[in-house]
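Residue numbers (our numbering): 50 to 462.
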């Protein structure tokens with residue numbers, strides 16, 4: 050297309066000031082979110098305990114049961130390593146193991162040796178098939194059943210006194226033994242008490258739900274918890290930890306990796322995945338989701354049509370043009386910007402060629418009149434004055450330059 054010499058295109062790259070204006074809102078929101086997260090973590094860092102923790106007031110914690118036991122003169126000690134747990138066993142001690150499935154095979158064997166030599170009480174919370182085979186040899190674990198209110202249906206004094214309780218979960222049988230079986234779920238007991246050496250015994254519980262804060266005041270859960278955990282003067286609340294040094298073998302590798310367990314046995318020892326996620330991560334995810342929603346609302350475009358109104362003061366045409374261009378650029382509205390440039394150019398060129406304002410935007414009237422005043426072909430003029438929207442900002446700037454050159458050519462012809 051032969052037109053007058055066009056001025057050099059204007060750079061379309063955003064300036065550092067423009068980049069800062071666009072990004073500062075997001076950066077401020079991100080900074081506020083980081084500060085809030087650090088503050089929240091600092092506030093909760095000293096009080097964030099897991100499930101069945103006697104220090105936790107959360108619904109799945111067990112602080113209520115621990116406080117009731119303390120009120121009745123039972124001392125409650127928290128142990129987080131196997132060495133602490135085995136050192137505390139004795140005839141006047143009850144050892145509560147909240148996560149026997151988290152122990153490695155060698156840890157389970159060590160724990161069984163320590164408890165079987167004692168005349169105290171050992172309570173195992175929901176041990177799976179592999180854990181039962183080491184912690185209570187001769188007992189078999191049956192498939193899991195939902196937890197519900199179940200009557201004791203046995204002669205165990207603690208169960209008969211407590212009555213109906215929230216039991217179920219994993220069920221246990223001890224063929225050929227004199228173990229006491231209570232709270233049958235689908236005919237198989239979910240609480241099993243087996244006599245050990247002297248006055249000692251081992252209690253297997255299929256579910257920890259009756260110890261949770263949110264359920265302790267329901268059914269006979271509180272009575273059952275107090276009688277099972279308060280039969281001795283001392284209670285050691287063992288919370289197995291994956292960071293326990295005894296969980297590694299002598300060479301420093303994770304213990305139990307070559308113990309020959311099958312995939313089926315391993316899966317029976319796995320805890321529910323969500324139970325292994327710290328509650329702080331769930332709160333963090335909720336905060337991130339809320340921040341994303343607020344950011345989306347903040348960045349969303351306003352709804353409804355634009356309202357035309359008179360400006361209260363006079364504004365120079367150049368300022369108005371720059372302001373509108375900035376809005377088009379921020380919205381990436383190259384189609385509207387190109388349409389505005391072409392409409393304005395057609396209006397001015399129509400005046401120069403004698404075409405009326407009504408017909409200035411009619412291609413079959415305007416194009417012949419312009420072609421008669423320039424050396425540009427009809428096809429090139431059609432693309433220039435009535436063509437499609439530019440593909441990028443550089444093409445938009447080039448279109449503006451060509452329209453200016455065309456107008457100058459018509460004006461000087």
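Heads up, the beta-carbon is just placed ideally off N, CA and C, and yes, glycines get one too.
Apart from the five residues just before and just after residue i, which ones in its own chain have a Cβ nearer than 7 Å to its Cβ?
i: residue 118; result: 125, 275, 278, 279, 284
i: residue 456; result: 394, 397, 398
i: residue 112; result: 103, 104, 105, 106, 262
i: residue 226; result: 187, 243
i: residue 448; result: 387, 390, 439
i: residue 419; result: 398, 402, 430, 459
i: residue 161; result: 183, 184
In chain order, what residues of the same chain lie with their CB nearer than 8 Å to the CB of residue i, ignoring the 5 residues before and after it?
i: residue 78; result: 340, 343, 344, 347
i: residue 374; result: 386
i: residue 263; result: 108, 109
i: residue 235; result: 194, 220
Taking the Cβ atom as the reference point for each residue, do residue i and residue j lie within a distance shorter than 7 Å?
i: residue 410; j: residue 395; result: yes
i: residue 211; j: residue 172; result: no
i: residue 169; j: residue 193; result: no
i: residue 223; j: residue 188; result: yes
i: residue 86; j: residue 167; result: no
i: residue 141; j: residue 246; result: no
i: residue 295; j: residue 156; result: yes
i: residue 214; j: residue 259; result: yes
i: residue 138; j: residue 144; result: yes
i: residue 201; j: residue 101; result: no
i: residue 268; j: residue 198; result: yes
i: residue 433; j: residue 451; result: yes
Tell me whether residue i sits in a helix, a strand or coil according to DSSP, three-state version.
i: residue 364; result: coil
i: residue 144; result: strand
i: residue 478; result: Past the boundaries of the shown model lies residue 478; the chain is included only from 50 to 462, so the question cannot be answered.
i: residue 193; result: strand
i: residue 217; result: strand
i: residue 451; result: helix
i: residue 284; result: strand
i: residue 209; result: helix
i: residue 170; result: strand
i: residue 138; result: coil
i: residue 243; result: strand
i: residue 289; result: coil
i: residue 234; result: strand
i: residue 124; result: strand
i: residue 393; result: helix
i: residue 253; result: strand
i: residue 56; result: Only weak support is given to the placement of residue 56: the predicted model assigns it a pLDDT of 45, under 50, and the question is left unresolved by the model.
i: residue 114; result: helix
i: residue 68; result: helix
i: residue 227; result: coil
i: residue 409; result: coil
i: residue 88; result: helix
i: residue 301; result: Only weak support exists for where residue 301 lies, its pLDDT of 42 falling under 50; the value from the coordinates is given anyway. Correct three-state label for residue 301: coil.
i: residue 198; result: strand
i: residue 222; result: strand
i: residue 424; result: coil
i: residue 107; result: coil
i: residue 295; result: helix
i: residue 381; result: coil
i: residue 334; result: helix
i: residue 157; result: helix
i: residue 371; result: helix
i: residue 340; result: helix
i: residue 439; result: coil
i: residue 162; result: helix
i: residue 315; result: Since pLDDT at residue 315 reaches only 39, below the 50 mark, its modelled position is unreliable, and no value is offered.
i: residue 461; result: helix
i: residue 73; result: helix
i: residue 130; result: coil
i: residue 429; result: helix
Taking 6 Å as the limit between beta carbons, can you name the residues of its chain near residue i, skipping five residues before and five after?
i: residue 271; result: 265
i: residue 305; result: Residue confidence for residue 305 is low, a pLDDT of 45 falling below 50, so the modelled location carries little weight; the figure read from the coordinates is stated next. Here the set comprises 153, 154.
i: residue 89; result: none
i: residue 129; result: 288, 290
i: residue 135; result: 163
**Asked** Contact between the region 203-217 and the region 166-184: three or more CB pairs below 8 Å?
**Response** no
**Request:** Spell out a yes or no on whether the region 227-243 and the region 145-156 are touching, meaning 3 or more CB-CB pairs, one atom from each, closer than 8 Å.
**Result:** no
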